[in-house]
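All residue numbers in the sequence shown are consecutive under this note's numbering, ending with 254. By construction, the Cβ of each residue, glycine as well, lies at the ideal position given by its N, Cα and C atoms. Structure record follows, encoded as structure tokens.
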Amino acid sequence: MNLDRFSLKGKVAVVTGANTGLGQGVAIAMAEAGADIVGVGRSDMSETEAAVKAQGVRFLPVLADLLSIEPIDRILKEALDAFGKIDILVNNAGIIRREDAIDYSVEDWDDILNTNLRTLFFLSQAAAKQFRKQNTPGKIINIASMLSYQGGIRVPAYTASKSGVLGLTRALANEWAKFGINVNGIAPGYMVTNNTKALRDDPQRSAAILDRIPAGKWGEPADIGGAAVFLASAAADYVHGFTLAVDGGWLAR
Ligand code: NAD
């Protein structure tokens with residue numbers, strides 16, 4: 002097989018939440034595959050910027066708070082002003098807050114659904130409109146979760162949002178496949194990032210989780226790079242609406 006089909010050379014990838022964790026892992030992997038990166042986030046992205054530029058590609062930081070959809074037009078404008086087009090959107094930014102369902106607050110519910118689902122949808126819509134305007138194919142990759150499949154404990158809003166991400170990935174694929182836009186997801190397992198710090202700091206939860214992972218270890222941000230590059234590449238042109246688990250075998254148990 003011609004491995005050029007896996008290359009992202011000459012592509013422009015917008016990655017949300019690129020400063021740390023899985024977003025940083027995806028940005029670096031896509032840079033290694035040849036893509037220029039637009040990193041979108043609310044915090045300093047200099048660490049990601051250095052790692053991306055070390056691959057000989059360009060990096061544009063766009064500071065934006067994705068709690069609301071207000072910055073979406075500006076994100077697209079800054080990306081287009083710098084690179085003239087976009088080819089790939091990775092909806093990675095997401096938050097989690099833990100509390101018993103019985104005590105869960107409206108504020109936490111709204112913040113999580115707004116960040117993880119509402120902004121993800123409207124950013125995807127803006128990217129799809131741009132792909133149509135450019136008359137090019139496009140790739141959208143949504144970061145889902147094990148809680149797209151399972152209920153979780155003390156994270157009702159997160160589970161609702163990530164279950165929504167899985168369904169929305171299918172819904173958008175159904176409507177946009179005909180435009181040459183691939184909408185797919187990646188469901189990471191239990192990975193070593195800020196998102197799971199509370200779990201890893203709890204010896205009992207940490208041991209119980211580790212015991213259930215067939216691979217016998219937590220995942221690292223770099224572990225989802227291969228799946229992200231594949232789904233963003235021409236090699237995945239006929240893959241639509243599927244969420245690929247990168248979970249050390251968690252779902253297979
Ligand atoms: P993380 O907390 O390190 O990263 C979250 C990222 O989202 C950060 O870059 C953060 O700045 C960004 N973000 C959050 N709210 C934002 C806002 N309002 N505006 C702009 N950016 C915002 O954790 P992570 O594990 O790297 O999380 C990345 C994604 O992966 C999330 O969607 C998370 O739900 C998902 N995920 C993580 C795991 C895991 O085990 N770590 C498992 C499944 C899914």
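Separation of residue j from residue i, as counted between CA atoms
{"i": "Asn-255", "j": "Gln-126", "result": "One cannot answer for residue 255 here, as it falls past the ends of the chain, which runs 2 to 254."}
{"i": "Ser-47", "j": "Lys-10", "result": "22 Å"}
{"i": "Leu-118", "j": "Glu-71", "result": "14 Å"}
{"i": "Ser-1", "j": "Ala-55", "result": "What the structure shows of the chain is the stretch from 2 to 254, and residue 1 is not part of that stretch, so it cannot be assessed."}
{"i": "Ala-237", "j": "Asp-104", "result": "43 Å"}
{"i": "Thr-137", "j": "Leu-81", "result": "14 Å"}
{"i": "Val-156", "j": "Pro-189", "result": "16 Å"}
{"i": "Val-63", "j": "Glu-79", "result": "7 Å"}
{"i": "His-241", "j": "Thr-116", "result": "24 Å"}
{"i": "Arg-171", "j": "Trp-251", "result": "22 Å"}
{"i": "Val-16", "j": "Ala-228", "result": "14 Å"}
{"i": "Leu-245", "j": "Met-147", "result": "11 Å"}
{"i": "Ile-96", "j": "Ala-235", "result": "30 Å"}
{"i": "Gly-26", "j": "Phe-60", "result": "14 Å"}
{"i": "Ser-162", "j": "Gln-135", "result": "30 Å"}
Residue i: CB within 7 Å of a non-hydrogen atom of ligand 1
{"i": "Asp-66", "result": "yes"}
{"i": "Arg-75", "result": "no"}
{"i": "Ser-164", "result": "no"}
{"i": "Pro-62", "result": "no"}
{"i": "Ser-146", "result": "yes"}
{"i": "Tyr-105", "result": "no"}
{"i": "Leu-23", "result": "yes"}
{"i": "Ala-209", "result": "no"}
{"i": "Asn-117", "result": "yes"}
{"i": "Arg-43", "result": "yes"}
{"i": "Thr-49", "result": "no"}
{"i": "Pro-189", "result": "yes"}
{"i": "Asn-195", "result": "yes"}
{"i": "Met-192", "result": "yes"}
{"i": "Ala-158", "result": "no"}
{"i": "Thr-244", "result": "no"}
{"i": "Ala-229", "result": "no"}
{"i": "Ala-94", "result": "yes"}
Cβ pair residue i, residue j closer than 8 Å
{"i": "Val-230", "j": "Ala-102", "result": "no"}
{"i": "Val-58", "j": "Ala-28", "result": "no"}
{"i": "Pro-222", "j": "Gly-22", "result": "yes"}
{"i": "Ile-187", "j": "Phe-132", "result": "no"}
{"i": "Ala-233", "j": "Ile-87", "result": "no"}
{"i": "Val-41", "j": "Val-13", "result": "no"}
{"i": "Ile-113", "j": "Ala-83", "result": "no"}
{"i": "Val-247", "j": "Gly-220", "result": "yes"}
{"i": "Phe-243", "j": "Asn-185", "result": "yes"}
{"i": "Leu-169", "j": "Phe-122", "result": "yes"}
Suppose only complete runs of 4+ residues qualify. What are the alpha helix (DSSP H) ranges in the segment 85-144, listed by chain order? 107-114 and 120-135
Can you give, in chain order, each stretch of the beta strand (DSSP E) that sits fully within the segment 221-251 and has at least 3 residues? 244-247
Every unbroken beta strand (DSSP E) inside the segment 10-66 [3 residues or more]: 13-17, 37-42 and 60-64
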